[in-house]
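Working notes, structure below.
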Amino acid sequence: MASKIFRFFGTTCIFFLVFIALLGRWIERKFGEITYKQLMFHIQMPVDGVDFRIMLECIRDIMLPIILLFYLYFWLRKIRIMQIVYLIFLLISSCVVAQKYWNFPKLYHEANTTEAFSNFYEKNYFYPKSQNIIFPHKKRNLIMIIAESMERSFARDDIFETNLIANLDLIAQQSIFFRDFQGGGGDTAALWH
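Per our numbering, the sequence shown starts with residue 4, numbered consecutively.
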């Protein structure tokens with residue numbers, strides 16, 4: 004009985020490690036190298052707006068290999084020594100692949116040195132449609148920066164079939180950047196009147 008529990012726990016841990024390794028590989032292939040802050044940000048965000056194609060690719064690249072490896076594991080159960088060799092091979096290869104894509108020492112260091120997240124935006128953001136905006140009688144020059152930076156993966160054709168931010172890419176191609184502004188007397192977050 005104890006050996007069955009140990010075998011079940013060991014097998015579950017190995018397949019979880021395979022999942023972690025495949026997830027790290029998929030994330031790096033799709034989004035490049037990510038930092039701990041980016042990882043924590045996306046873990047805390049809901050997946051309501053995620054494109055269905057990304058979810059299908061995640062299932063195809065992560066879940067299907069796990070199902071095939073699981074099927075192979077049960078097929079090899081008949082040959083006891085092959086099952087043990089197979090599990091040892093999965094354990095070692097998963098550890099190597101997981102370390103390659105996740106870099107656990109770096110992730111651990113970032114987790115211990117990262118500042119705590121704040122709810123600054125939740126407190127200070129207001130929904131523009133719910134506010135009554137009164138325009139002044141005399142017009143003044145005002146520059147509003149809506150997005151200081153933006154996720155570039157929405158423009159990639161290998162993730163989405165089309166460029167989802169084509170208008171913003173067009174503006175970027177026209178080379179209109181605040182850092183190119185001469186004599187502004189401030190950094191990129193400054194407002195000029």
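Even glycine gets a Cβ: it sits at the ideal position worked out from N, Cα and C.
By the three-class DSSP mapping on this structure, what secondary structure does M48 have?
Note: M48 maps to coil in three-state DSSP.
CB-CB under 6 Å to N122, same chain, minus the five flanking residues each way: which ones, in chain order?
There are no such residues.
Own chain, CB closer than 7 Å to V21, minus 5 neighbours either side, in chain order
Excluding sequence positions up to five before and after V21, its CB lies within less than 7 Å of the CB of I69, L72, L93 and S97, all in the same chain and listed in chain order.
Any idea if G35 is buried or exposed, counting beta-carbon neighbours within 10 angstroms, 16 or more meaning buried?
Exposure of G35 is indicated by the presence of fewer than 16 other C-beta atoms within 10 angstroms of its C-beta.
Between F157 and the rest of its own chain, which residues show a CB-CB distance below 8 Å, the 5 nearest in sequence each way excluded?
Apart from the 5 residues on each side of it in sequence, F157 sits with its Cβ closer than 8 Å to the Cβ of F163, N166, L167 and I168 in its chain, given in chain order.
Are the beta-carbon atoms of Y104 and R28 separated by less than 9 Å?
Remark: C-beta atoms of Y104 and R28 approach each other more closely than 9 Å.
Between the C-alpha atoms of L42 and Q102, what's the straight-line distance to the nearest angstrom?
For L42 and Q102, the distance between alpha carbons rounds to 16 Å.
Taking all protein chains shown into account, decide if R10 is buried (16 or more other Cβ within 10 angstroms of its Cβ) or exposed.
Counting Cβ neighbours within 10 Å, R10 comes out exposed, since fewer than 16 surround it.
How would you call A24, buried or exposed, if buried means at least 16 neighbouring beta carbons within 10 angstroms?
With 16 or more Cβ atoms within 10 Å of its Cβ, A24 is classed as buried.
Exposure of I65, with buried meaning 16 or more beta-carbon neighbours within 10 Å:
When all chains shown are included, I65 counts as buried.
Tell me the rounded alpha-carbon separation between I30 and K81.
Rounded to the nearest angstrom, the two C-alpha atoms are 35 Å apart.
With a CB to CB cut of under 7 Å and the five nearest residues on each side skipped, what residues in its chain are close to D54?
Excluding sequence positions up to five before and after D54, its CB lies within less than 7 Å of the CB of F163, all in the same chain and listed in chain order.
To the nearest whole angstrom, what separates the beta carbons of Y39 and E113, a pair I think is in contact under 8 Å?
E113 and Y39 do touch by the CB rule: their CB atoms are close to 4 Å apart, below 8 Å.
Three-state secondary structure (DSSP) of K7:
In this structure, K7 counts as helix in the three-state DSSP scheme.
How many angstroms separate the CA atom of C61 from the CA atom of D161?
Between the C-alpha atoms of C61 and D161 there is a straight-line separation of about 14 Å.
Return yes when the Cβ of Y76 is within less than 9 Å of the Cβ of T116, no when it is not.
No, Cβ-Cβ distance for T116 and Y76 is not below 9 Å.
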